[in-house]
Structures are given as structure tokens and as C-alpha cells.
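The block underneath contains the structure these notes are about, expressed in C-alpha cells.
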Amino acid sequence: MIKKATFQEKFDLIEKGHYRRIDIPIARLPSHTLIDMPVFVYKGKQEGHSLLLTAGIHGDEINGVVTLRRLISEKYLMPDIGTVIAIPLVNIYGFLQNSRDLPDGKDLNRSFPGSQGGSIASQIAYILSKEILPNIDFGIDFHTGGSKISNYPQIRCVLSDEKNVELAHYFAPPFIMESDLIDKSFRKEAAKNKKSILVYEGGESLRLDELSIQEGVRGIKRLMHHLGMKINKDIDLSRKPIILQKTSWTRAKIGGIFDFHVLTGDYVKQNQILAHITDPYGSQKYSIKSTKNGYVIGINHMPVVNSGDALLHIGLE
Ligand SMILES: [Zn+2]
């Protein structure tokens, strides 16, 4: 039997100045349909940085998928210097089922480094850890808010890590915020291997958000420009991101109908009324005031909330 070429063998065969789509086989569905993960590799004419772009690790977070799709169809990702590896849709299973997770109920982003003989989530994590991470220097992993929470475009990284902060400023989203490395996440696995992966969050799951998609496209173009991978004289480099050292959630004190009066991205002042929680019958109205000056970086879009639910994510400079 002829041995099939590995991802690495196919990757190494791509010549400078060329691009190739490599489909990594994942597994077969119970219907016997083969699921594979298309990986787009662009090698510039000169050697340089290797940048990874991933989206759809959570299968219901589609803004990042569209962001990468646009850049692929624009034929933008071929760098002059260095290599770009783009995986627009990592969790194909979740994508098919409008689900964050895999059919095994596991969250791929809590399954790293994974194992070859583990659950589907673990097997995909293993492929990213073993086949992809060794070929990159750094990357951006595209996400959205989960479970009805909409995030204003933001990069999440470790602010005490100089490389993280440098890359985040190159990308220049509206907000850059501190976020600890979560156990078993792709970002933490990369950090263990001395590779910086930053998480971009924009919009919410199961809903396309044009602003988040456009900010993502612009961010990748700025990042490639500043890294010297692809110079672009037409992009706006004037954005000065707002750095949020701390963020906190305003939670519901009582359950009811959540009616907010601010938008994500808004600057709010201490004691400003941000929202009301009412009962359905007009007898109760509870005001939610901001406890500090800060920016609204996330809003819960569930109209009906329970006591203790996270409602508004406020970032402090
Ligand atoms: Zn996510």
C-alpha cells in the first residue's frame, strides 16, 4: 500500500512564492462521510515570519470564518515575505450543527494538547498541536462572544508579555484587554511552546456582525504590514487601541426582562443608568447603574435573565 503524504511533507513541498490548500483528514461521520479540515498555506518569495490565522474553533462563531473567507477570496493572504497559514473553519462538526462544541460534547478550546486516540475534540486539538504549531511563530485565533453575549471588537492577551502587546498593537483593534491563559486552550498550548497566539473576539455566536468582520480584516492587514510580510500603503494605521487593564461583569441582582440603554463600544460614567430589569406586568423596575467609568465591551442579548446572570462587561483603562 502506498503511504499517504503527511501534512508536513505536503507543507515542505510548497515552493516559495506558491500557495496550496492542504486538506487534513479528521474522521468519518457515522454516515461514512469524510470530514477534513482545509488548511491554506501561502509561502512568500522570501523567508520570514510564519503567521497562523484560525477561526471556528467554536463551530457557532462565524464572524472569524467570514473574515478569513474574505481575505482568501480577495487573494490577500499571499505575503511578500514569510508564510501565512489560514484555517477558516477548525470545528466543522460544530459548524454543521450550529454548536460551539463537538458531537462528543467537548469544547475544542479546552481539549489541548489533545491525543491521537482521544475523543474527536482531542484528536483535532492533537492535529493543531502536532502539525500546525511547529510551523508557526505566532497567530490570531478568531472568536465571538458565546451564549448571546456580543463583544465589541477586542484582542485578548497577556499584557505583561511584550510580544503579545506588540502583536496586539500591530493588529490595532478598538480594545486590547488582559486575559489570563485558560487551561487546555489553544492559546495556552501555543504559549507553552513559546508561540504567541492572541484571541480576537468580535460580535456574538450564531450572528454575523459586519463591524467585527471588517475590524478583523483590517487588523490582519495591519498586522501583516507591520510585520513586514506585506506592505500596504492604503490601510489606515492611525488607530490607537484602548488598553483595558481590568474588566468586570455587571450581574443581574434580580431576574426579569433585561432592557439595556447603552451599546457595545460606549464610554459610560459612574452612576450612569445602563439598563433596567423589569417584571412582565409593570409593577417592578430595577435600574442598573455603572459602578465605574469605563467602556462597554460586551452585552448580553438575552431578553430574559435570571438573578446572577452576566449582563454587561465593562472595561477599565
Ligand atoms: Zn470562541
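Heads up, the sequence shown is in the numbering used here, so the first residue is 7 and it goes up one at a time. We put the beta carbon where it would ideally sit given N, CA and C, even for glycine.
Of the residues 22, 115, 254, 33, which one's Cα is nearest the Cα of residue 61? When each option's Cα is compared against that of residue 61, the closest is 115.
Pull up the distance between the alpha-carbon of residue 20 and that of residue 165, whole angstroms please. 36 Å
Just the residues with CB closer than 5 Å to a heavy atom of ligand 1, in chain order, which are they? After applying the 5 Å Cβ criterion, the set is 64, 67, 149.
Beta-carbon within less than 6 Å of residue 70's beta-carbon, same chain only, minus the 5 sequence neighbours each way: which residues are those? 61, 148
With 16 as the cutoff for other CB atoms within 10 Å, does residue 159 come out buried or exposed? buried
Considering only the alpha carbon of each residue, which of 135, 54, 188 lies closest to residue 234? 54
Between the segment 133-151 and the segment 295-303, do at least 3 Cβ pairs fall closer than 8 Å? no
Whose C-beta lies closer than 7 Å to the C-beta of residue 101 among residues of the same chain, with five residues either side of it excluded? 62, 65, 95
Below 7 Å between beta carbons: does that hold for residue 257 and residue 178? no
In the DSSP output, what is residue 52 paired with across the bridge? 87
Using 7 Å as the threshold, is the C-beta distance between residue 133 and residue 98 below it? Taking 7 Å as the cut-off, the Cβ atoms of residue 133 and residue 98 do not count as close.
My output table needs one value for residue 287: the three-state DSSP class, helix, strand or coil. coil
For residue 214 and residue 68, which I take to be in contact (beta-carbon distance under 8 Å), what is that distance rounded to the nearest angstrom? 6 Å
Less than 7 Å between the C-beta atoms of residue 176 and residue 84, yes or no? no
Can you check the segment 205-250 for any alpha helix (DSSP H) of at least 4 residues that lies completely inside it and give the ranges in chain order? 216-232
Compute the Euclidean distance between the alpha carbons of residue 18 and residue 11, then round it to the nearest angstrom. 11 Å
Taking the alpha-carbon of residue 161 as reference, which of 170, 58, 312 has the nearest alpha-carbon? 170
Under the assumption that residue 293 contacts residue 282 (Cβ atoms under 8 Å), give the Cβ distance between them as a whole number of angstroms. A Cβ-Cβ distance of about 6 Å is found for the pair residue 293 and residue 282, placing them in contact under the 8 Å criterion.
In the DSSP output, what is residue 59 paired with across the bridge? 92, 146
Delimiting residues of the beta strand (DSSP E) encompassing residue 23: The continuous stretches of beta strand (DSSP E) do not include residue 23, and DSSP gives it neither H nor E.
Cutoff 6 Å; reference residue 203; Cβ partners in own chain excluding five residues on either side: Excluding sequence neighbours, residue 203 sits near 145, 147, 193, 196.
Straight-line CA distance for residue 120 to residue 190? 9 Å
Using a 10 Å radius around the Cβ and a threshold of 16 neighbouring Cβ atoms, would you call residue 318 buried or exposed? Buried, by the Cβ-count rule.
Could you check the C-alpha separation between residue 229 and residue 262 for me, to the nearest Å? Going by the C-alpha atoms only, they are around 43 Å apart.
Rounded C-alpha distance that separates residue 255 from residue 155: 12 Å
Tell me whether residue 319 sits in a helix, a strand or coil according to DSSP, three-state version. strand
Using a Cβ-Cβ distance cut-off of 7 Å, determine whether residue 197 contacts chain D. The chain labelled as chain D is not found in the depicted structure, where only one protein chain is given.
In angstroms with no decimal places, state the Cα-to-Cα distance between residue 27 and residue 211. As the crow flies, the alpha-carbon of residue 27 is around 27 Å from that of residue 211.
Kindly list the residues whose CB is nearer than 7 Å to the CB of residue 224, restricted to its own chain and excluding five residues on each side of it in sequence; keep chain order. 241
Report the rounded CA-to-CA distance for residue 208 versus residue 52, giving the unit in angstroms. 33 Å
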